[in-house]
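Reviewing the structure listed below.
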Amino acid sequence: MKFFYTHQCGFGLILLFIFFSTATAKAQNTYKLSGQVTDTTGQAIPGVHIQRINTTNGATTDFDGHYNIQVTGTDRLSFTYLGYQAQTIAVNNRKLINVQLSPSTEALDEVVINAGYYRVKDRERTGSIEKVTSEDIELQPVTNPIEALQGRMAGVEVVQSTGVPGAAPTIRIRGQSSLRTNFDDNGNLPLYIIDGMPINSSPIDSQIQLFEGAGVDPLNTLDLSNIESIEVLKDADATAIYGSRGANGVVLITTKSGQKNQGIKVSTKLYTGMSRVDNFLNLLNTQQYLKIRKQAFENDGVEPNEYNAFDLVLWDENRYTDWQKELFGKTAELRSASFNISNANETTSYIIGASYQKQGMVFPGDFSYEKKTFNLNLNHQSKDKKFKLNLSANYGLDDNDLFNSSTFVSTALTLAPNAPRLYNDDGSLNWEDSTWSNPLATLENEGKLKTNNLISNLGLTYRLSPSLSFKSSFGYTHLTSEENIQTPIESYDPAMWDRVTNRSQYSDIRRNSWIVEPQIHYRKTWGQHHFNTIVGATFQENKNTSLTISGRGYIDRNLIGNLEAADQVSIIKDRDFTYKYSAIFARLAYDWKEKYYLNLTGRRDGSSRFGPDKRFANFGAIGAAWIFTEENFFDKYLNWLSFGKIRGSYGTTGNDQIGDYRYLDAYEATPGPEGLYPTQLTNNDFSWETNKKLEAALELSFLNNRIHTEIAWYRNRSSNQLVGYPLPAITGFSKVEANLPATVENKGWELGLSAKVFQKQSFQWNTSLNMTIPSSKLVAFPDIEETAYANTYRVGQALSLDILYQFEGVDPDTGYYTVKDVNEDGSYDYDDRLITKDLGRKFFGGVYNKLNYKNFSLSFLFEFVKQNGRKTSSLPPGRLGNNLKSVTEYGSSSPEDLQAPSQSINAFLAFNRYAYNSEFSITDASFIRLKTLSLGYEISNDFTKNIGLSQFKLFVHAQNLLTITDYEGLDPQSPGSKALPSLQSLTGGLQLTF
Numbered sequence: 002m003k004f005f006y007t008h009q010c011g012f013g014l015i016l017l018f019i020f021f022s023t024a025t026a027k028a029q030n031t032y033k034l035s036g037q038v039t040d041t042t043g044q045a046i047p048g049v050h051i052q053r054i055n056t057t058n059g060a061t062t063d064f065d066g067h068y069n070i071q072v073t074g075t076d077r078l079s080f081t082y083l084g085y086q087a088q089t090i091a092v093n094n095r096k097l098i099n100v101q102l103s104p105s106t107e108a109l110d111e112v113v114i115n116a117g118y119y120r121v122k123d124r125e126r127t128g129s130i131e132k133v134t135s136e137d138i139e140l141q142p143v144t145n146p147i148e149a150l151q152g153r154m155a156g157v158e159v160v161q162s163t164g165v166p167g168a169a170p171t172i173r174i175r176g177q178s179s180l181r182t183n184f185d186d187n188g189n190l191p192l193y194i195i196d197g198m199p200i201n202s203s204p205i206d207s208q209i210q211l212f213e214g215a216g217v218d219p220l221n222t223l224d225l226s227n228i229e230s231i232e233v234l235k236d237a238d239a240t241a242i243y244g245s246r247g248a249n250g251v252v253l254i255t256t257k258s259g260q261k262n263q264g265i266k267v268s269t270k271l272y273t274g275m276s277r278v279d280n281f282l283n284l285l286n287t288q289q290y291l292k293i294r295k296q297a298f299e300n301d302g303v304e305p306n307e308y309n310a311f312d313l314v315l316w317d318e319n320r321y322t323d324w325q326k327e328l329f330g331k332t333a334e335l336r337s338a339s340f341n342i343s344n345a346n347e348t349t350s351y352i353i354g355a356s357y358q359k360q361g362m363v364f365p366g367d368f369s370y371e372k373k374t375f376n377l378n379l380n381h382q383s384k385d386k387k388f389k390l391n392l393s394a395n396y397g398l399d400d401n402d403l404f405n406s407s408t409f410v411s412t413a414l415t416l417a418p419n420a421p422r423l424y425n426d427d428g429s430l431n432w433e434d435s436t437w438s439n440p441l442a443t444l445e446n447e448g449k450l451k452t453n454n455l456i457s458n459l460g461l462t463y464r465l466s467p468s469l470s471f472k473s474s475f476g477y478t479h480l481t482s483e484e485n486i487q488t489p490i491e492s493y494d495p496a497m498w499d500r501v502t503n504r505s506q507y508s509d510i511r512r513n514s515w516i517v518e519p520q521i522h523y524r525k526t527w528g529q530h531h532f533n534t535i536v537g538a539t540f541q542e543n544k545n546t547s548l549t550i551s552g553r554g555y556i557d558r559n560l561i562g563n564l565e566a567a568d569q570v571s572i573i574k575d576r577d578f579t580y581k582y583s584a585i586f587a588r589l590a591y592d593w594k595e596k597y598y599l600n601l602t603g604r605r606d607g608s609s610r611f612g613p614d615k616r617f618a619n620f621g622a623i624g625a626a627w628i629f630t631e632e633n634f635f636d637k638y639l640n641w642l643s644f645g646k647i648r649g650s651y652g653t654t655g656n657d658q659i660g661d662y663r664y665l666d667a668y669e670a671t672p673g674p675e676g677l678y679p680t681q682l683t684n685n686d687f688s689w690e691t692n693k694k695l696e697a698a699l700e701l702s703f704l705n706n707r708i709h710t711e712i713a714w715y716r717n718r719s720s721n722q723l724v725g726y727p728l729p730a731i732t733g734f735s736k737v738e739a740n741l742p743a744t745v746e747n748k749g750w751e752l753g754l755s756a757k758v759f760q761k762q763s764f765q766w767n768t769s770l771n772m773t774i775p776s777s778k779l780v781a782f783p784d785i786e787e788t789a790y791a792n793t794y795r796v797g798q799a800l801s802l803d804i805l806y807q808f809e810g811v812d813p814d815t816g817y818y819t820v821k822d823v824n825e826d827g828s829y830d831y832d833d834r835l836i837t838k839d840l841g842r843k844f845f846g847g848v849y850n851k852l853n854y855k856n857f858s859l860s861f862l863f864e865f866v867k868q869n870g871r872k873t874s875s876l877p878p879g880r881l882g883n884n885l886k887s888v889t890e891y892g893s894s895s896p897e898d899l900q901a902p903s904q905s906i907n908a909f910l911a912f913n914r915y916a917y918n919s920e921f922s923i924t925d926a927s928f929i930r931l932k933t934l935s936l937g938y939e940i941s942n943d944f945t946k947n948i949g950l951s952q953f954k955l956f957v958h959a960q961n962l963l964t965i966t967d968y969e970g971l972d973p974q975s976p977g978s979k980a981l982p983s984l985q986s987l988t989g990g991l992q993l994t995f
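Just so we're aligned: the sequence shown equals residues 2 to 995 in our numbering.
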């Protein structure tokens, strides 16, 4: 457990901004209007925003609810405050206006949920939809909006595989539904939709090994401060309208737009700070390390010499270097600036913005991640309100300047503490007569990645009658990713320069897609019967290309990357894929008395990824809800229950997340000219995976909606799994794409609780809790022993399974770890692996609190996870390289239970091959983490109005400030990983609006 503090910097930007700011001149014929804003009980409401409609002038109520604002006699004022119904009032030449705001029904009547094709009040929804707003995520110094969801949503798992900025996190919505989990063949990806435009959610392939195979997330190019809300759709009722695309859940990201009649508003947010690794492994120091090494040679009866023990014979036994802090212990700077201007009147609103973010690295050298974004959102409606236009465009440029290494962090964990110094006296890298590999040499392997991403969507709506409207959306995306990896001979020991050559690898990935979705919306009311119908179609095309070229034999380092200067150029990969998707869909929503709700959804999907006779499939769902507190009985006898709803849903969705052209015979060019060889067998008969989703939920609110709780049970079953069917070697192919009769089941409980703990004039405290208890298992897989999954899964057990040897402890004769030879055949193989351990999460969730006292605000989020995980792998005690104190006698209360130091091959096999593939390697990896902490102070209105500002807020934000865990590893979030852990960060900044 560690806390991280840093000095504040960058506040000179405040003075610079104020210098260029000018106070707005008072309009002619204005006068001062005063008043007080209270609630329905007469209590004053501080912080209410008062806006002169169609102007930039505004004011905020003080602690006693009083306000002053310059107006004209013909002005109209809007009064808005979170949790209360907004009011618009005409001045009519008055000088005193007191206003009473009525409470809204919080997240029931007024909060609107974006479900993609339609919007629904939270009170009326029949599906499972989670939502976070900009207030929850915009201050987080992360590069990806998905990372900002950690710990905030029930049923949503987000895991960062590495702390390197730009790397794609893993998101799972209600578990793993597909057996295919490979990077280039992952059937568990959710659907991402940005302002109505679906995008390819698969990570961008990168050969830069520092990303640990995670790839780069296409959402990195979005500006977090420009996001209005993120909704996650989970159950059949919410996702069925997306058909096969929503099989693994849907993530809807909505960007900000101008608010009606707000006038011109300019906003900027600036912050600067630092990030670092806050947790390091407890390794041996030099004296402890040398003692273990010498003991190993003594145990083996071997004499150390300059060939088998240069750390004992040649290296300085008095030298000590903490390699963790040396190689990834640097404090990295980060800074961000965003700016937007918006304007709105009765018919048109727009917002134009830009942002810049730069984050340094914790590694030695000048490496960094840099992002620039530009955004536009335009909304217009005709004066008769029949025609509407919505245009959004988001353009981002990512520049990742890294180095190429897969072992840089793990090297810091195993380098001997008395290893030689890094540099010679002349500043060159020290190779100590070739007795070690200088870890800084890999920094010479440059890895540069540039990504440009355009996401745009145009929506047109025309109301033909009060009940009937026609809508069509047109979307386009264009992504390019260029990567250049350079490997000069300087990254090798000079003794090897005559055997290596300068190399480079260039990759170019392009993703283009378009979509057209015409829709007809029909609303009708007959008495107390309300109908809302959507009928539409989808036409979508994605085109993906990837090209990878390598060059070798550059005569000079400065020429590396210029393929014309290479002696040898090879095309490693050249791919061109086109995916076409079309569908028709319909949704009927019905309610009676705004008490009973029924939704019917149907969709017919067509995908080019299947053979001609299998391309189309039908999917649908039914959802229902009953607001039982609308019954007279509850109103009369249980009036303490403010709201109660029972809802449920059932439906099917498909899944076509496989590679393109899998149903065809495929060939590739031979290395020599004019040749082809087969790489894939045809199979026209495989078709869609099917996911059947069932859910039941109960929602309750108490004490006039001050406490709201929701509990849901779900069960998703995914069958007809699209996996490779194994073939005998005589066919020349290892597998053929096919549907196997395997069924994966994800079920569990989700709990949500929110409460207004304390609501007074000067102090408010709101809290919320979410918790998920998941279960994921393989319920059926006939003849699994005949497939490639025989050693990965067990029918009836969890998908996140480790199949292990039975650990037998230390052999008293050898001093080495032993495992059980179950069949007593004298060898150890999968027939001896009978122990199974579930490494999935037992439960997880988050606790969020927000407190406001006068002008101060404090919010913090704790994330908690209960799980088992793999220990951090280490070397057998006694071998060359540093080790955890826990695998030696240091720090152990029972050294007799530890393997004896030895550098023999038998000791190595006993420790790494057997013990670490047994239950010995599994440990508790549960943790509680203070994920975010934000402290803000809003400058009083008396000061801000004198300098022409409507808001002036200072804030400090901390990320990953504290982790409580017994897990001995870099990051319990990813047990067993030796990648860079999630970074701890502290930032300070300001937010200005005028």
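The beta carbon of each residue, even a glycine, is placed where N, CA and C say it ideally should be.
- Comparing C-alpha distances from L328 to each of F863, T443 and G250 shows the shortest one belongs to T443.
- With fewer than three CB-CB distances shorter than 8 Å, the region 370–378 does not count as touching the region 423–430.
- A distance below 8 Å separates the beta carbons of N378 and S258.
- For L414, DSSP assigns no beta-bridge partner whatsoever.
- Burial check for D63: the Cβ neighbour count within 10 Å reaches 16 or more, so the residue is buried.
- Here L403 is actually not in contact with L423; their C-beta atoms are around 20 Å apart, not less than 8 Å.
- Looking at S245, W515 and L642, the one whose alpha-carbon comes closest to that of G197 is W515.
- When DSSP assignments are scanned along the region 805–890, the uninterrupted stretches of beta strand (DSSP E) that are 3 or more residues long and fall wholly within it turn out to be 808–811, 818–820, 836–839, 842–854 and 857–871.
- Per DSSP, the beta-bridge partners of K389 are Q382 and T462.
- In this structure, T256 keeps its C-beta atom at 8 Å or more from the C-beta atom of S457.
- By the criterion of a C-beta distance shorter than 6 Å, H530 is surrounded in its chain by W593, once the five residues flanking it on both sides are discounted.
- No Cβ-Cβ contact shorter than 8 Å links S135 with G655.
- With at least 16 other beta carbons inside 10 angstroms of its own, K694 counts as buried.
- Annotation for L140: S935, F956 and H958 place their beta carbon closer than 7 Å to its own, counting only its chain and skipping 5 residues before and after.
- Counting C-beta atoms within 10 angstroms of its own C-beta, V780 has fewer than 16 neighbours from the protein chains shown and is therefore classed as exposed.
- V49: not part of any beta strand (DSSP E); DSSP gives it neither H nor E.
- In the structure shown, the three-state DSSP call for I573 is strand.
- Residues I521 and A587 of the same chain have their beta carbon placed closer than 6 Å to that of V536, with the five preceding and five following residues left out of the count.
- Fully contained in the region 620–686 are the following beta strand (DSSP E) runs of length 3 or more, in chain order: 642–656, 667–670 and 677–681.
- Taking all protein chains in view, the Cβ of Q658 is crowded by 16 or more other Cβ atoms within 10 Å, so the residue is classified as buried.
- Cβ neighbours of T768 within its own chain (closer than 6 Å, five residues either side excluded): A756, V758 and N850.
- Take W437, set aside five residues on each side of it, and the residues of its chain with a beta-carbon closer than 7 Å to its own are A420 and P421, in chain order.
- Within the model, the alpha-carbon separation for W498 versus G302 is close to 37 Å.
- Per the coordinates, the alpha-carbon of N189 lies some 19 Å from the alpha-carbon of I195.
- Beta-bridge analysis with DSSP links E518 to S474.
- For T81, the uninterrupted beta strand (DSSP E) segment begins and ends at R77 to T81.
- Per DSSP, V113 lies in no alpha helix (DSSP H) segment; the continuous beta strand (DSSP E) that holds it begins and ends at V113 to N115.
- Exclusion of the five residues before and after D206 leaves G216 as the residues of its chain whose Cβ lies within less than 6 Å of its Cβ.
- Taken through DSSP and simplified to helix, strand or coil, V314 comes out as helix.
- Proximity of the region 921–934 to the region 965–972 meets the contact definition, three or more beta-carbon pairs being nearer than 8 Å.
- Runs of the alpha helix (DSSP H) lying entirely within the region 129–183 and spanning at least 4 residues, in chain order: 135–138.
- P467 sits in coil when the DSSP states are folded into three classes, being neither helix nor strand.
- Looking at the DSSP output, M772 sits in a beta bridge with L752 and G846.
- Between N249 and P191, the C-beta spacing is below 8 Å.
- With 16 or more other Cβ atoms inside 10 Å of its own Cβ, V410 counts as buried.
- With fewer than 16 other Cβ atoms from the protein chains shown falling within 10 Å of its own Cβ, N183 counts as exposed.
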